[in-house]
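Some notes on the structure that comes next.
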Amino acid sequence: MDKKSIEYRGVLFEDSIENYLYRETASICQFLHFLCIEDISQYVERTVYTNKRWHFKYNVSSMIKLFIVKCFRNLSYEKTVSSLTEEEAIMLSFCDKNGQIRLPSAGTLHHFVKYRLGEDGINELIIMVGEKILKSSKLKDAKIDSTPLEASRYDKYADYNPHYKCKMDKAHITMIGTYPVFMTYTNGLSSDSTELIKHIHALKKMEANIEFYAADGAYDSFQNNADIWYHLNAKPIISYSCDAVLHKEGEVERIDHWVNKMWKLGGEVHTKIENKLKFLYENGRQEQVGMYLRNQNILDELFWELYKKRVECEKVHGHMKDTMNFDVRRIRVESRALYSLLNFVSYQLLVLTELQNKVKLRNSFGRLF
Numbered sequence: 004m005d006k007k008s009i010e011y012r013g014v015l016f017e018d019s020i021e022n023y024l025y026r027e028t029a030s031i032c033q034f035l036h037f038l039c040i041e042d043i044s045q046y047v048e049r050t051v052y053t054n055k056r057w058h059f060k061y062n063v064s065s066m067i068k069l070f071i072v073k074c075f076r077n078l079s080y081e082k083t084v085s086s087l088t089e090e091e092a093i094m095l096s097f098c099d100k101n102g103q104i105r106l107p108s109a110g111t112l113h114h115f116v117k118y119r120l121g122e123d124g125i126n127e128l129i130i131m132v133g134e135k136i137l138k139s140s141k142l143k144d145a146k147i148d149s150t151p152l153e154a155s156r157y158d159k160y161a162d163y164n165p166h167y168k169c170k171m172d173k174a175h176i177t178m179i180g181t182y183p184v185f186m187t188y189t190n191g192l193s194s195d196s197t198e199l200i201k202h203i204h205a206l207k208k209m210e211a212n213i214e215f216y217a218a219d220g221a222y223d224s225f226q227n228n229a230d231i232w233y234h235l236n237a238k239p240i241i242s243y244s245c246d247a248v249l250h251k252e253g254e255v256e257r258i259d260h261w262v263n264k265m266w267k268l269g270g271e272v273h274t275k276i277e278n279k280l281k282f283l284y285e286n287g288r289q290e291q292v293g294m295y296l297r298n299q300n301i302l303d304e305l306f307w308e309l310y311k312k313r314v315e316c317e318k319v320h321g322h323m324k325d326t327m328n329f330d331v332r333r334i335r336v337e338s339r340a341l342y343s344l345l346n347f348v349s350y351q352l353l354v355l356t357e358l359q360n361k362v363k364l365r366n367s368f369g370r371l372f
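Using the numbering used here, read the sequence shown as starting at 4 and increasing by one per residue.
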């Protein structure tokens with residue numbers, strides 16, 4: 004683990020994240036001190052700020068780390084700022100050139116989160132952090148699942164979900180291994196299946212190199228099977244029902260029939276099956292491609308062994324909710340998506356801190372306070 008230097012009032016201090024991992028208690032700020040996001044903060048400065056100097060009064064990297072502290076400690080903006088000790092402020096780099104500590108006001112932090120970043124800005128951060136996690140972890144198995152964001156039983160804006168037996172909104176989360184890389188927010192009765200294409204495009208934007216993409220039966224459709232295979236060049240591992248049957252249109256003979264039928268468009272039957280499927284997908288036969296892929300999964304004896312890896316989703320979702328406050332109680336309805344995404348990217352950044360510093364014990368930040 005690399006050491007990091009910090010200068011305070013002309014004195015140079017050297018520190019390592021290893022000094023904090025095995026303590027009984029440690030501050031989240033001590034952990035975040037070793038998070039390097041300078042490239043992300045520069046991107047934020049270029050895209051969400053104007054050129055007026057007063058917009059750069061506080062270091063963007065420090066402001067991002069401060070909203071992680073807010074989410075981790077589950078405090079208001081005002082209490083988040085007032086809770087920082089002098090040492091924690093130094094760890095988050097809230098020092099000017101003269102070594103004097105300069106903390107932002109609660110209003111400044113709120114303005115940064117809600118109006119400077121906003122929902123669109125946080126979505127961009129999720130993509131950027133997800134790409135970093137992908138490159139650092141080098142894992143090849145992806146999975147998606149939804150999880151409830153509980154609301155008050157008296158909330159007139161939240162939907163009652165009979166499966167979870169509570170009023171709720173939903174978070175749809177894609178993970179690589181046990182690392183969360185993308186999330187979308189919907190209402191509590193939203194279909195899981197229709198959200199998958201957004202996650203596929205997000206992984207494609209991150210240039211994800213994966214072999215499998217697993218999902219439960221709620222995401223099962225021919226279109227989803229085809230989209231995963233075509234856009235991500237990955238094998239779809241989507242659970243199918245116990246009464247699923249082999250579809251005739253998904254057999255090789257029917258694939259060849261339709262490829263040959265569209266010979267004027269460039270169909271060639273004397274080529275690899277992958278080329279035929281790609282041709283059909285690009286020429287309006289996407290569901291047929293999905294039928295072929297579903298058929299292959301039904302015939303694959305190892306399918307359920309691969310599908311077992313998806314069970315990690317609920318365990319990780321539970322850890323995320325233990326670490327951050329993911330329910331939507333006492334949050335204005337127009338701000339729920341923003342704060343759900345904010346908690347998610349905060350968790351992502353804590354994961355990234357571990358990966359950057361090669362921490363062997365995963366999710367060790369859960370005990371920091």
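No residue lacks a Cβ here, since even glycine has one placed at the ideal position from N, Cα and C.
What you are looking at is a predicted structure, and each value in this text was computed from that prediction instead of being measured.
Environment of residue i [buried if 16+ CB atoms lie within 10 Å]
i    : result
D195 : buried
L355 : buried
S338 : exposed
P165 : exposed
K2   : Residue 2 is absent from the model: the chain starts at 4 and stops at 372.
N236 : exposed
Residue range of the unbroken alpha helix (DSSP H) whose run includes residue i
i    : result
N227 : F225 to L235
N62  : Per DSSP, N62 belongs to no alpha helix (DSSP H) and is neither H nor E.
I203 : L199 to K208
M294 : Q289 to L302
Q33  : I31 to L35
T50  : E41 to V51
Y310 : F306 to Y310
A92  : E89 to M94
C-beta contact flag for residue i and residue j at 8 Å
i    : j    : result
V272 : L128 : no
G269 : N298 : no
D383 : E153 : Given a span of 4 to 372 for the chain in the structure shown, any question on residue 383 remains unanswerable.
M94  : C32  : yes
Y216 : A109 : no
P183 : Y350 : yes
T88  : K73  : no
I301 : K279 : no
L142 : L112 : no
M131 : I71  : no
Helix, strand or coil at residue i according to DSSP, with G and I counted as helix
i    : result
N77  : coil
C169 : strand
V14  : Residue confidence for V14 is low, a pLDDT of 40 falling below 50, so the modelled location carries little weight; the figure read from the coordinates is stated next. It is a strand residue.
Q260 : What sits at residue 260 in the sequence shown is His, not Gln. It is helical.
F372 : Interpretation of F372 is limited by its pLDDT of 48, a score under 50 that renders its predicted location unreliable; the figure taken from the coordinates is listed afterwards. In the structure shown, F372 sits in coil (DSSP, three-state: anything other than H, G, I, E or B).
K275 : coil
A174 : strand
I179 : strand
I136 : helix
Limits of the unbroken beta strand (DSSP E) element including residue i
i    : result
N215 : The amino acid occupying residue 215 in the given sequence is Phe; Asn does not appear at that position. First-last of the beta strand (DSSP E) with F215: F215 to A218.
F115 : Counting along the chain, F115 falls outside any beta strand (DSSP E), and DSSP gives it neither H nor E.
K184 : Here residue 184 turns out to be Val, not Lys, going by the sequence shown. Segment Y182 to N190, the beta strand (DSSP E) holding V184.
T150 : D144 to E153
Y243 : No beta strand (DSSP E) contains Y243, which DSSP labels as neither H nor E.
D162 : D162 to N164
Expected contact under 8 Å - CB spacing of residue i and residue j to nearest Å
i    : j    : result
Y233 : Y284 : 5 Å
A161 : D172 : 6 Å
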